[in-house]
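A short worksheet on the structure shown next.
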Amino acid sequence: MRFFTYFYEDELMRYFYKRPEEFNKYSGRELLSYGLGATLYMPADRPDFHQEILSKKLSGLTSVVIDLEDAVGDSRVFGAESLLIDELQKLFRALNEGFISIEDLPLMFVRVRNLKQLQTVKERLEDAVHLLTGVVLPKFSSENGAELLHEVLKIHTNEHPFYAMPILETDRVLHKETRMEELVRIKQIVDRYKEIVLNIRIGATDFCGLYGIRRSPDTTVYDIAILRDCISDIINIFGRIDSPYVVSGPVWEYFSAKNRMLKPQLRQTPFRERFGDEGLHWRRRLIEENLDGLMRETLMDIANGISGKTVIHPSHIKIVQSLNVVPYEEYVDASNIIKAATGEIGVMKSDFANKMNEIKPHLYWAEKIMLKSRLYGVLHEEFTNIDLIKKEVYISHS
Numbered sequence: 001m002r003f004f005t006y007f008y009e010d011e012l013m014r015y016f017y018k019r020p021e022e023f024n025k026y027s028g029r030e031l032l033s034y035g036l037g038a039t040l041y042m043p044a045d046r047p048d049f050h051q052e053i054l055s056k057k058l059s060g061l062t063s064v065v066i067d068l069e070d071a072v073g074d075s076r077v078f079g080a081e082s083l084l085i086d087e088l089q090k091l092f093r094a095l096n097e098g099f100i101s102i103e104d105l106p107l108m109f110v111r112v113r114n115l116k117q118l119q120t121v122k123e124r125l126e127d128a129v130h131l132l133t134g135v136v137l138p139k140f141s142s143e144n145g146a147e148l149l150h151e152v153l154k155i156h157t158n159e160h161p162f163y164a165m166p167i168l169e170t171d172r173v174l175h176k177e178t179r180m181e182e183l184v185r186i187k188q189i190v191d192r193y194k195e196i197v198l199n200i201r202i203g204a205t206d207f208c209g210l211y212g213i214r215r216s217p218d219t220t221v222y223d224i225a226i227l228r229d230c231i232s233d234i235i236n237i238f239g240r241i242d243s244p245y246v247v248s249g250p251v252w253e254y255f256s257a258k259n260r261m262l263k264p265q266l267r268q269t270p271f272r273e274r275f276g277d278e279g280l281h282w283r284r285r286l287i288e289e290n291l292d293g294l295m296r297e298t299l300m301d302i303a304n305g306i307s308g309k310t311v312i313h314p315s316h317i318k319i320v321q322s323l324n325v326v327p328y329e330e331y332v333d334a335s336n337i338i339k340a341a342t343g344e345i346g347v348m349k350s351d352f353a354n355k356m357n358e359i360k361p362h363l364y365w366a367e368k369i370m371l372k373s374r375l376y377g378v379l380h381e382e383f384t385n386i387d388l389i390k391k392e393v394y395i396s397h398s
């Protein structure tokens with residue numbers, strides 16, 4: 001599996017200076033933590049999930065969460081759980097019979113409601129649990145975190161790694177008077193199980209629900225003051241260089257067109273300057289599908305050190321992944337910083353003569369860029385991430 005498998009060979013050569021590498025659930029934890037890309041959530045009571053995977057119906061899909069929690073009504077939990085088990089066992093049989101290889105499978109996770117359901121799913125799946133890359137743990141807190149991670153550790157082996165992705169979304173994380181104490185306590189728990197924690201996720205929808213807020217397609221999480229402050233503190237605790245975790249971007253929940261109340265979030269000028277009237281035409285397509293807000297929020301995620309994003313519609317996948325491809329200039333700067341990190345010099349001019357690269361302050365950034373470049377690839381100098389999105393918009397409407 002790799003990103004941009006839907007590109008033809010000549011397209012890969014045209015756009016990519018460095019091609020995306022292959023990866024799967026057996027890749028190392030550090031690399032894999034940056035490899036989730038756009039993580040598609042789907043309800044566990046969705047029928048024929050295994051057929052969608054076998055047929056590769058969802059183009060570009062590299063990670064998926066099968067949701068037994070909020071996406072399933074309380075009265076349908078048992079049926080959804082049974083359907084999930086049945087679908088995964090069918091997929092496991094297809095794997096054993098050679099209809100698909102582990103390299104072709106997306107990273108698959110199950111979001112469970114609680115510890116008991118995690119134990120039940122594991123027992124009912126039997127060996128089919130090895131299909132899963134791990135489990136998503138909602139409402140993760142300092143009270144339930146240790147026992148949940150301990151249960152995940154019992155499933156994890158060197159032969160078949162199994163990871164946890166905690167979601168921070170409780171009132172104690174959001175409320176200002178308890179936030180820092182709770183985040184520090186959670187960090188202490190997570191640190192004890194670091195080898196099985198793939199990333200930290202942010203439950204923006206649950207956070208909004210605590211205050212009766214629902215953001216519109218014209219509004220990013222960074223425009224909601226209470227979310228912005230909380231996200232900042234989560235990054236502050238979990239993104240530090242001394243004990244870093246990958247923090248994943250909150251869900252983008254809009255996908256259908258509707259009348260816009262606010263000004264679109266994609267300025268006309270960059271599109272006109274690069275593509276002329278054609279650029280304005282496909283900019284309008286992005287706006288009609290509410291993808292301009294997704295693009296702006298994803299770019300803000302990246303600017304704040306966040307990697308990957310939860311999405312709820314297949315149309316989001318290629319947008320998020322295209323925006324995460326490493327630009328040529330960033331790759332060259334990162335490479336030069338790492339090469340120069342020998343103690344001989346402290347600062348040097350960028351090869352592009354437009355900035356100074358300070359070795360010590362920029363080294364951690366450079367290391368992250370190099371990890372991302374392995375997974376998402378690096379663009380040729382003459383291309384931008386917008387060029388990839390433009391290509392995908394025209395394909396999806398052709």
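UniProt numbering numbers the first residue of the sequence shown as 1 and each following residue consecutively. Where is the CB? At the ideal position from N, CA and C, for every residue including glycine. Computed from a predicted model, the values in this text were never measured in an experiment.
{"query": "For the region 44-51 against the region 311-318, are there 3 or more C-beta pairs whose distance is under 8 Å?", "result": "no"}
{"query": "If you pair each beta-carbon of the region 58-76 with each one of the region 352-369, do three or more pairs fall below 8 Å?", "result": "no"}
{"query": "Helix, strand or coil for residue 306? Go by DSSP, reduced to three states.", "result": "coil"}
{"query": "Mapping the DSSP letters down to three states, classify residue 415 as helix, strand or coil.", "result": "Nothing about residue 415 can be reported from this structure: the residues present for the chain run from 1 to 398 only."}
{"query": "What residue does the beta strand (DSSP E) around residue 201 start on, and which one ends it?", "result": "200-202"}
{"query": "Is it buried or exposed, residue 127, if we count other Cβ atoms within 10 angstroms and call 16 or more buried?", "result": "exposed"}
{"query": "Please go through the same chain and pick out, in chain order, the residues whose beta-carbon is closer than 6 Å to the beta-carbon of residue 260, but skip the five residues on each side of it.", "result": "Per-residue confidence for residue 260 stands at a pLDDT of 45, beneath the threshold of 50, marking its modelled position as unreliable; no derived number is given."}
{"query": "Spell out a yes or no on whether the region 13-22 and the region 375-388 are touching, meaning 3 or more CB-CB pairs, one atom from each, closer than 8 Å.", "result": "yes"}
{"query": "Let me check understanding here. Comparing Cα to Cα, which of 53, 5 and 64 lies closest to residue 95?", "result": "53"}
{"query": "Can you tell me which residues form a DSSP beta bridge with residue 357?", "result": "348"}
{"query": "Under 8 Å, do residue 371 and residue 30 count as touching if we go by C-beta distance?", "result": "yes"}
{"query": "Given that a residue counts as buried once 16 or more other Cβ atoms are within 10 Å of its Cβ, and exposed if not, what is residue 388?", "result": "buried"}
{"query": "Taking 8 Å as the threshold (C-beta atoms), are residue 107 and residue 25 in contact?", "result": "yes"}
{"query": "Who are the near neighbours of residue 364 in its chain, counting only those whose CB is closer than 6 Å to its CB and skipping five residues on each side?", "result": "241"}
{"query": "Closest by CA to residue 4, which one among 390, 385, 376 and 384?", "result": "376"}
{"query": "Around the C-beta of residue 180, are 16 or more other C-beta atoms found within 10 angstroms, so that it is buried, or is it exposed?", "result": "exposed"}
{"query": "In chain order, what are the residue ranges of uninterrupted beta strand (DSSP E) at least 3 long that sit wholly in the region 82-169?", "result": "107-111, 134-137 and 163-168"}
{"query": "Note down, in chain order, each residue of its chain lying with its Cβ closer than 6 Å to the Cβ of residue 50, except the 5 sequence neighbours on either side.", "result": "87, 90 and 91"}
{"query": "Given a threshold of 16 other Cβ atoms within 10 Å of its Cβ, counted over all protein chains shown, does residue 62 qualify as buried or as exposed?", "result": "buried"}
{"query": "Check residue 184 in the structure and name its three-state DSSP category.", "result": "helix"}
{"query": "In angstroms with no decimal places, state the Cα-to-Cα distance between residue 27 and residue 197.", "result": "14 Å"}
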